[in-house]
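Reviewing the structure listed below.
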Amino acid sequence: MDIKHFAFSLLSLPHSYNLRESFSRTPHPHSPMAFSISQTQKQIHTHALDELLCSDQRQEEPHKLQKCLISASVPDSPDRCLTGEVRFERAWDHWAKLGRPKLIVAPMVDNSELPFRMLCRKYGAEAAYTPMLHAKLFIEKGKHRNQDFTTCKEDRPLFVQFCANDPDILLEAARIVEPYCDYVDINLGCPQRIAKRGNYGAFLMDDLSLIESLVEKLALNLNVPVSCKIRVFPDLQDTINYVRMLEDAGCSLLAVHGRTRDEKDWKLFQADWKAIRAVKNALRIPVLANGNIRHMDDVYSCLEETGADGVLSAKSLLENPALFAGFRMGQWITDDEECHTQGKLDQVDLLVEYLKLCERYPVPWRMILAHVYEMLGEGFRLHPHIRDGLNSQSNLTFEYLYDMVDQLRDLGVRLPLYLKDTCGKVSVNGSST
Ligand SMILES: Cc1cc2nc3c(=O)[nH]c(=O)nc-3n(C[C@H](O)[C@H](O)[C@H](O)COP(=O)(O)O)c2cc1C
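Using my numbering, the first residue of the sequence shown is number 1, and each one after it goes up by one.
Below is the structure:
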């Protein structure tokens, strides 16, 4: 197969594909889509593909400034370290090309995987992040690569998120995914103990020069733009200095979770939208806001109060993947009762849709189970014996899960979602309803 066919087949695989498939399919002599590549050949072909897609990236690296000048003088050159206005224009052009998505599925380990992203996209999400991928494991362990990163043609715009603390390793991992995504994102916000042990996520905030080198490495060498997802510092000025550094290092889009590294409990700590507004005012690149989104009214308030270009939602989407289509959980109807009607959708329906997507786009059972518990939580609370039955399964099947859903329905479980109908609000795209 010549390299053009190879690149085409990687970029246009039908349905879902993962990197194992990409590198191990049996060749079919008459199909331009089919190809086979062994592990040892992988490097060579990846290299060849890189050369096709990023023609000048393997050349000896000139000094950064020299490279900036070279890039700036070539109209279609990759988004390297362009200086000043040109770089901001590039960042905004790219964002505009993606349709300026405002409603975005946040990155969630084991939870923002392909079938869940596809479900959220069906119900209004305009872009999505993958779960965080560990850059070192991603390049070293086929299992991590194959199971934890799958995508498909319709899964765009897509942010692929990595955690890392070594620029070279991060770049190697990023190069593998860049043909399949619209941003390579760096996780600078994970506050968990595992991130502390591994020295990544929010713990890199103690070493800003390392963060700078991670961002710069990608910005100088990738063809897709680099984005970052951060938490804020307790002190606003520290946050502003931090985000300006990220922008200067080549970050083209920034998502800000308005909590500090120590504010882990979302129930105890509200996200600080004022800090996000200050970040938005301080930067020239697109900024996304994250935190405190329970339903669409929160989306409108957040966009207005922060001035952000879009919002990310995580936890609320897990229970209600139709949030961005205007559906809300009953618990969020506190006032204006008359303005809410029961939509023709409930969480059980959404779970069934999700399971069907999992049959189409296979993912590990642990991910499927996480969504079963999130979407059926209230049903399990009402009927704990159904949850106990699920917990005791050693060999899960889709048949079992569909039967379990039928049992809950037979028991009268309804987990309705509500729509706001008569109280018009400004829509996300700016028109009044
Ligand atoms: C189950 C789960 C997994 C998460 N995994 C990630 C992750 O992989 N990367 C990341 O940057 N943030 C991760 N987060 C944090 C969310 O992206 C988001 O920043 C946080 O939950 C606040 O948004 P929310 O208030 O809408 O939940 C995760 C959150 C949850 C609930």
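Even glycine gets a Cβ: it sits at the ideal position worked out from N, Cα and C.
Owing to the predicted nature of the structure, the values given are computational and were not obtained by experimental measurement.
Sequence-distant residues of its chain with Cβ nearer than 6 Å to residue i (five each side left out)
i, result
"residue 416", "342 and 346"
"residue 233", "239"
"residue 203", "195 and 196"
"residue 296", "326"
"residue 217", "167 and 171"
"residue 263", "269"
"residue 244", "none"
N- and C-terminal bounds of the beta strand (DSSP E) containing residue i
i, result
"residue 237", "From DSSP, residue 237 is part of no beta strand (DSSP E) but of the alpha helix (DSSP H) over 236-249."
"residue 324", "Run containing residue 324: none; DSSP gives neither H nor E here."
"residue 127", "127-129"
"residue 229", "226-231"
"residue 139", "Note, residue 139: premise wrong, no beta strand (DSSP E); alpha helix (DSSP H) at 135-140."
Bounding residues of the alpha helix (DSSP H) (the contiguous stretch that carries residue i)
i, result
"residue 176", "167-177"
"residue 416", "Per DSSP, residue 416 belongs to no alpha helix (DSSP H); it is in the beta strand (DSSP E), 416-420."
"residue 279", "273-282"
"residue 187", "Premise fails: residue 187 lies in the beta strand (DSSP E), 183-188, not in any alpha helix (DSSP H)."
"residue 160", "Looking at the DSSP string, residue 160 is not in any alpha helix (DSSP H); the run it does join, the beta strand (DSSP E), is 158-163."
"residue 221", "208-221"
"residue 405", "398-410"
"residue 390", "384-391"
Closer than 7 Å: residue i CB and nearest ligand 1 heavy atom
i, result
"residue 393", "no"
"residue 118", "no"
"residue 111", "yes"
"residue 132", "yes"
"residue 227", "no"
"residue 190", "yes"
"residue 257", "yes"
"residue 291", "yes"
"residue 301", "no"
"residue 367", "no"
"residue 315", "yes"
"residue 245", "no"
"residue 101", "no"
"residue 479", "Since the first residue of the chain shown is 1 and the last is 433, residue 479 is not available in this structure."
"residue 266", "yes"
"residue 375", "no"
Distance CB(residue i)-CB(residue j) smaller than 8 Å
i, j, result
"residue 139", "residue 169", "yes"
"residue 249", "residue 289", "no"
"residue 229", "residue 195", "no"
"residue 258", "residue 280", "no"
"residue 253", "residue 227", "yes"
"residue 363", "residue 114", "yes"
"residue 120", "residue 303", "no"
"residue 285", "residue 91", "yes"
"residue 365", "residue 396", "yes"
"residue 94", "residue 225", "yes"
"residue 184", "residue 222", "yes"
"residue 309", "residue 175", "no"
"residue 324", "residue 124", "yes"
"residue 151", "residue 158", "yes"
"residue 402", "residue 355", "yes"
"residue 102", "residue 126", "yes"
"residue 261", "residue 231", "yes"
"residue 398", "residue 374", "no"
Close beta carbons around residue i, own chain, < 7 Å, minus the five adjacent residues each side
i, result
"residue 270", "292"
"residue 329", "319, 320 and 417"
"residue 382", "413"
"residue 236", "275 and 278"
"residue 210", "165 and 204"
"residue 405", "348, 351 and 352"
"residue 117", "105, 128 and 155"
"residue 370", "110 and 111"
"residue 387", "380"
"residue 298", "292"
"residue 181", "158, 159, 160 and 224"
"residue 148", "131 and 133"
"residue 97", "none"
"residue 177", "149, 160 and 184"
"residue 282", "240, 243 and 244"
Own chain partners of residue i with C-beta closer than 8 Å, once the 5 adjacent residues on each side are dropped
i, result
"residue 163", "132, 133, 134, 135, 186, 187, 190, 195, 198, 200 and 201"
"residue 377", "319"
"residue 144", "133, 134, 137 and 138"
"residue 385", "none"
"residue 266", "259, 291 and 315"
"residue 122", "353"
Test: residue i CB closer than 8 Å to a CB of chain B
i, result
"residue 378", "In the structure shown, chain B does not exist; there is a single protein chain."
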